[in-house]
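Protein chains in written order, with my numbering: chain A, 924 to 1306; chain B, 924 to 1306.
There are 2 protein chains.
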Amino acid sequence: MSASAPVAATVDGPPTHAAPRRAATPYLRLDIATAVASFRRLAAALPGTDIHYAVKANPEPALLAALHAAGSKFDVASPAEVDATLSVGASASDLVHSNPITRRSDLVLEAAQGVRMFVVDSLEETAKVASAAPGAAVLCRLVTSGEGSDWPLSCKFGCSSDQAVEVLRYAARVGLDAAGVSFHVGSQQRDPGAWAAPIAASARVFDLLGAEGRRPRLLDLGGGFPAHLDADCLAPETYGRAIEELLDQHFGPRRPMTMVEPGRSIAAEAGVLSTEVLAVVYRNGARWVFLDVGVFTGLIETIGEAIRYPIETDRDGGPTGPCVIAGPTCDSADVLYQRTKVELPLELAEGDVIRLSGTGAYTSCYSSVGFNGFPPLPTHVVP
Amino acid sequence: MSASAPVAATVDGPPTHAAPRRAATPYLRLDIATAVASFRRLAAALPGTDIHYAVKANPEPALLAALHAAGSKFDVASPAEVDATLSVGASASDLVHSNPITRRSDLVLEAAQGVRMFVVDSLEETAKVASAAPGAAVLCRLVTSGEGSDWPLSCKFGCSSDQAVEVLRYAARVGLDAAGVSFHVGSQQRDPGAWAAPIAASARVFDLLGAEGRRPRLLDLGGGFPAHLDADCLAPETYGRAIEELLDQHFGPRRPMTMVEPGRSIAAEAGVLSTEVLAVVYRNGARWVFLDVGVFTGLIETIGEAIRYPIETDRDGGPTGPCVIAGPTCDSADVLYQRTKVELPLELAEGDVIRLSGTGAYTSCYSSVGFNGFPPLPTHVVP
């Protein structure tokens, strides 16, 4: 769980007589109203589809509470995440456990907490759910290619549509509610067309099961909707229309209930990470900008330069030049952007604060416990 | 800092009347005596060379206390790491701050804590040290290729020998003690020959400064000595002899004082990580073994399959087959070994405990604060 603190008065508060003291960097400023607006926009773009916010993206309690109040349901991965949602007033019936591989005792705990829907992707895990949470509903996860996404999924999860038919048949046989199918197209997915193949595969599973007289009813369209990190990111409405068309095309009038599990597209744009320039060093013709935040204080998704956060500085407007951006630890792996340089003001200097936007998701929760003695990334909540 | 707990009586304690309850996995069992033995062996292999244990590798207080008692000095990267060493009785004069890029206020803090030796690699940081810690000693870090190491260093740190001459000249001019040169050949370095080029470059810096009448006196040979993770890892004595020869060859009778900054070679083999098999799933002909520990609970160094930990199971001895090993989170990046499969017993099943050795370094300190709601990797200390 992320460390939480009310936003310091010196960040947004009224000026005092003394010179305003700057909040200590690094910190994540999480604007809850922005997250709620993103939730509402995605919900409007996907009418009739249940939104289950993926708690893993950012489990900040104030965020969960606001999303619950706005009507969001939740996607959870562990008993601790179930607790986090129940403690802000969510109902266990509004949760889906979407981790297809789970410790048996955790399934038992979640069943006792009231969770009634679990994602599986194998006969083995289906048997486990049947014994740990008898009678629960299951969704079988299909494998996808992950192509087109910035943080692609491996083949860690998911099975073929034939295997899904087998899994759901087996689920019914062992007393589970074989509710339907799930898939995930990869995080920060830039191509709405990425939903085409898995929706077609899902329809095939529904058809095959329907031919046996079974009635799966729910299609979990996963997450992957992008945060608006650059001009190439399409709007949620574009994704909504594409998915709507694909559902019409592949299911027609036999369209199932639908749900999604967005994390990044709700939380990312609500976050701005403030970080200080520790040093600007020129070496071998390259300008290196060292920040007080890095791979081990939340920015793991910069590994491989997968996710590129928009950067703002107080010196924007002046002439710029390319630079390498590195984190504060003495670990040489702690380099954020090197292969593709970042254009930053030439005037940028030690002590300047720069702001990384789109950092509300998959940052504070990824932060290390304290590598190099640097504390985890704290969150300042703005209601 | 890693979570600490005394080792549970049920792990090594006497049998009780009730069936012995297994300690909850995952956990890191850290055997302090093993770490001290590794320290003594490395110290014996490098006679006359000061050993500064790199606190970042594992800052467990019991480990720091035992190493201090055994005569180790320390390599630190932040005020928190300085505190950790002082609080086990180390003297500030036995510390080297080896992070070449540091927040100015942290340098001021460390100077106030009594730290008197700092590594730099640029004029900019040298000026910062001169203002934050007037009169302190500095070592200038040379760049190395990192070739031959499992966890290579990027060009994040280090300068050329010509630049080092300039930095050390400047250091003297601004009132610092231009003590010498530092370098780092990359972590888990398999080739003792990797020390050849940087020792030659260091000698060149000493010669150039000597020709100006300056008298640098200290050579920091860095870390990189490997933990014995597989049969290809050479012994510390082999590294000691190679370094001894290289020092003779390049410095002859003008040999400087020497120091090293080992982390992994002292802490890694002291650690055994116990983890439970959550599931064994066959998909597309591959066997996937899912563990309750992964990339986000300490095993970041498996990214790119860089570090391969030896694995033991209670089923060893029976027939084996290849498998993919994955962590417990619903993040698809949480896969430990996939490209190069691991041979494990075919009988391996849910609930089995497997042990990853060589995990005493760069695991608990890399663990996330709680991604997916899973707590950080705890340490069970064995005195």
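Quick reminder that beta carbons are idealized off the backbone N, C-alpha and C, glycines included.
For this session: Please work out which residues of its chain come closer than 6 Å, Cβ to Cβ, to Val-1097/A, disregarding the five sequence neighbours upstream and downstream, and give them in chain order.
Result: In the first sequence, the residue the question calls residue 1097/A occupies position 174. Excluding residues within five positions, the ones whose Cβ falls inside 6 Å are Ala-1053.
Exercise. Would a C-beta distance cut-off of 8 Å place Ala-980/B and Ala-1190/B closer than the cut-off?
Worked result: As a working note, residue 980/B is residue 57 in the second sequence. As a working note, residue 1190/B is residue 267 in the second sequence. Contact flag set, yes.
Exercise. How about Val-1195/A and Arg-1278/A: do their beta carbons lie closer than 8 Å?
Worked result: The sequence position of residue 1195/A within the first sequence is 272, counting from 1. The sequence position of residue 1278/A within the first sequence is 355, counting from 1. Yes, they are a contact pair.
Problem set entry | Contacts around Asp-973/B, its chain only, beta-carbon distance under 7 Å, and the 5 residues preceding and following it disregarded | For the purposes of this step, residue 973/B is taken as residue 50 along the second sequence, with counting starting at 1. Only Lys-996 and Met-1182 meet the Cβ criterion.
Exercise. Any C-beta of chain A sitting closer than 8 Å to the C-beta of Glu-1270/B?
Worked result: As a first step, residue 1270/B must be located in the second sequence, where it is residue number 347. Judged by the 8 Å Cβ criterion, Glu-1270/B is not in contact with chain A.
For this session: Could you tell me whether the region 1162-1174 of chain B touches the region 1034-1054 of chain A, where touching means 3 or more Cβ pairs closer than 8 Å?
Result: no
For this session: Count the other C-beta atoms from every protein chain shown that fall within 10 angstroms of the C-beta of Gly-1281/A, then say buried if there are 16 or more, exposed otherwise.
Result: In the first sequence, the residue the question calls residue 1281/A occupies position 358. Counting Cβ neighbours within 10 Å, Gly-1281/A comes out buried, since at least 16 surround it.
Exercise. If we cut at 8 Å on Cβ distances, does Arg-1187/B have a partner in chain A?
Worked result: Against the second sequence, residue 1187/B aligns to sequence position 264. For Arg-1187/B, the answer is no, since every Cβ of chain A falls outside 8 Å of its Cβ.
For this session: Measure from the C-beta of Arg-1206/A to each C-beta in chain B and report whether the shortest distance is under 8 Å.
Result: Here the question's residue 1206/A lines up with position 283 in the first sequence. Yes, because at least one Cβ of chain B sits closer than 8 Å to the Cβ of Arg-1206/A.
For this session: At 3 residues or longer, and completely inside the region 1138-1182 of chain B: list those beta strand (DSSP E) runs for me, N to C.
Result: 1141-1143
For this session: Would you identify the three-state DSSP class for Tyr-1260/B, choosing helix, strand or coil?
Result: Locating residue 1260/B in the second sequence gives position 337, counting from the first residue. It is a strand residue.
Exercise. Gly-1136/B to Tyr-1093/B, Cα distance in whole Å?
Worked result: For this step, residue 1136/B is matched to residue 213 along the second sequence. For this step, residue 1093/B is matched to residue 170 along the second sequence. Between Gly-1136/B and Tyr-1093/B, the C-alpha separation is close to 14 Å.
For this session: Answer yes or no: do Ile-1226/B and Val-1218/B have a C-beta to C-beta separation smaller than 8 Å?
Result: Here residue 1226/B refers to the residue found at position 303 of the second sequence. Here residue 1218/B refers to the residue found at position 295 of the second sequence. Contact: yes.
Exercise. What is the DSSP secondary structure of Lys-876/A, reduced to helix, strand or coil?
Worked result: Outside the displayed span of chain A (924 to 1306) sits residue 876/A, for which this structure offers no information.
Exercise. What three-state label does DSSP hand Ile-1230/A in the structure shown?
Worked result: Along the first sequence, read from residue 1 onward, the residue named residue 1230/A stands at position 307. Of the three classes helix, strand and coil, the one that applies to Ile-1230/A here is coil, per DSSP.
For this session: Starting from the C-beta of Ala-1126/A, find all residues in its chain whose C-beta is less than 6 Å away, skip the five residues before and the five after it, and write them out in chain order.
Result: Walking along the first sequence from the start, residue 1126/A turns up at place 203. Cβ within range, chain order: His-1173 and Phe-1174.
For this session: Check the Cβ of Lys-1079/A against every Cβ in chain B and list those closer than 8 Å, keeping chain order.
Result: Here residue 1079/A corresponds to residue number 156 of the first sequence, with the count starting at 1. Those are Trp-1211, Ala-1249, Ser-1255, Asp-1257 and Val-1258, listed as they occur along chain B.
Exercise. Distance, Cα to Cα, Thr-1067/A vs Asp-1085/A?
Worked result: Here the question's residue 1067/A lines up with position 144 in the first sequence. Here the question's residue 1085/A lines up with position 162 in the first sequence. Whole-angstrom Cα-Cα distance: 14 Å.
Exercise. Below 8 Å between beta carbons: does that hold for Ser-1014/A and Ala-1000/A?
Worked result: For the purposes of this step, residue 1014/A is taken as the residue at position 91 of the first sequence. For the purposes of this step, residue 1000/A is taken as the residue at position 77 of the first sequence. Cβ atoms of Ser-1014/A and Ala-1000/A: not closer than 8 Å.
For this session: Would you identify the three-state DSSP class for Ser-1291/A, choosing helix, strand or coil?
Result: As a position in the first sequence, residue 1291/A is number 368, starting the count at 1. In this structure, Ser-1291/A counts as strand in the three-state DSSP scheme.
For this session: Step through the CB atoms of chain A and report whether any lies within less than 8 Å of the CB of Pro-1299/B.
Result: In the second sequence, the residue the question calls residue 1299/B occupies position 376. Judged by the 8 Å Cβ criterion, Pro-1299/B is in contact with chain A.
For this session: Report the neighbours of Thr-1252/A on chain B: residues whose CB is nearer than 9 Å to its CB, in chain order.
Result: Stepping through the first sequence from its first residue, residue 1252/A is reached at position 329. Result: Lys-979, Ala-1000, Ser-1001 and Asn-1022.
For this session: Could you name the residues of the same chain whose beta carbon sits closer than 7 Å to that of Ala-931/A, not counting the 5 residues immediately before and after it, in chain order?
Result: As a first step, residue 931/A must be located in the first sequence, where it is residue number 8. Low per-residue confidence applies at Ala-931/A: pLDDT is 37, beneath 50, and the placement is therefore not dependable, though the value from the model is reported in the following sentence. Ala-946 and His-1303.
Exercise. Cβ of Arg-1026/B less than 8 Å from any chain A Cβ?
Worked result: Along the second sequence, read from residue 1 onward, the residue named residue 1026/B stands at position 103. At least one chain A Cβ lies under 8 Å of Arg-1026/B.
For this session: At 3 residues or longer, and completely inside the region 965-1048 of chain B: list those beta strand (DSSP E) runs for me, N to C.
Result: 972-977, 996-999, 1018-1020 and 1040-1043
Problem set entry | When Asp-1073/A, Val-1042/A and Glu-1224/A are compared against Gly-1283/A, the one with the closest alpha-carbon | Counting from 1 along the first sequence, the entry for residue 1283/A is found at position 360. Closest option to Gly-1283/A, Cα to Cα, is Glu-1224/A.
Exercise. How is Asp-1275/A classed by DSSP in three states: helix, strand or coil?
Worked result: Start at 1 with the first residue of the first sequence, and residue 1275/A comes out as number 352. Of the three classes helix, strand and coil, the one that applies to Asp-1275/A here is coil, per DSSP.
Problem set entry | Exposure label - Gly-1109/B; buried when at least 16 CB within 10 Å | Counting from one through the second sequence, the residue named residue 1109/B turns up at place 186. So Gly-1109/B ends up on the buried side.
For this session: Note down, in chain order, every chain B residue with its Cβ under 8 Å from the Cβ of Gly-1145/A.
Result: In the first sequence, residue 1145/A corresponds to position 222, counting from 1. Within 8 Å Cβ-Cβ: nothing; Gly-1145/A doesn't reach chain B, min ~11 Å.
Exercise. Taking the Cβ atom as the reference point for each residue, do Glu-1004/B and Val-1038/B lie within a distance shorter than 8 Å?
Worked result: Here the question's residue 1004/B lines up with position 81 in the second sequence. Here the question's residue 1038/B lines up with position 115 in the second sequence. The answer is no: Cβ separation not under 8 Å.
For this session: Could you tell me the boundaries of the alpha helix (DSSP H) in which Ile-1189/B lies?
Result: Residue mapping note: residue 1189/B aligns to position 266 of the second sequence, counting from 1. Note, Ile-1189/B: alpha helix (DSSP H), 1187-1190.
Exercise. Should Ala-1101/A and Val-1061/A be called a contact, given that it needs their Cβ atoms to be closer than 8 Å?
Worked result: Position 178 of the first sequence, counted from the first residue, corresponds to residue 1101/A. Position 138 of the first sequence, counted from the first residue, corresponds to residue 1061/A. A contact, by the Cβ cut-off of 8 Å.
Exercise. Can you tell which of Ser-1255/A, Val-1200/A, Asp-1254/A and Val-1216/A has the C-alpha that lies nearest to the C-alpha of Asp-1237/A?
Worked result: Counted from its first residue, the first sequence places residue 1237/A at position 314. Selected option, being the one with the closest Cα: Val-1200/A.
Problem set entry | Trp-1118/A to Ala-1256/B span [Cα, whole Å] | The sequence position of residue 1118/A within the first sequence is 195, counting from 1. The sequence position of residue 1256/B within the second sequence is 333, counting from 1. Their backbone Cα atoms lie some 21 Å apart in a straight line.
Exercise. So, is the C-beta of Cys-1082/B closer than 8 Å to a C-beta in chain A?
Worked result: On the second sequence, residue 1082/B is found 159 positions in, with the first residue counted as 1. Cβ-Cβ to chain A under 8 Å: yes for Cys-1082/B.
Exercise. What is the rounded straight-line gap between the Cα of Ala-988/B and the Cα of Leu-1065/B?
Worked result: What you label residue 988/B is simply residue 65 of the second sequence in a count that begins at 1. What you label residue 1065/B is simply residue 142 of the second sequence in a count that begins at 1. Roughly 31 Å between the two C-alpha positions.
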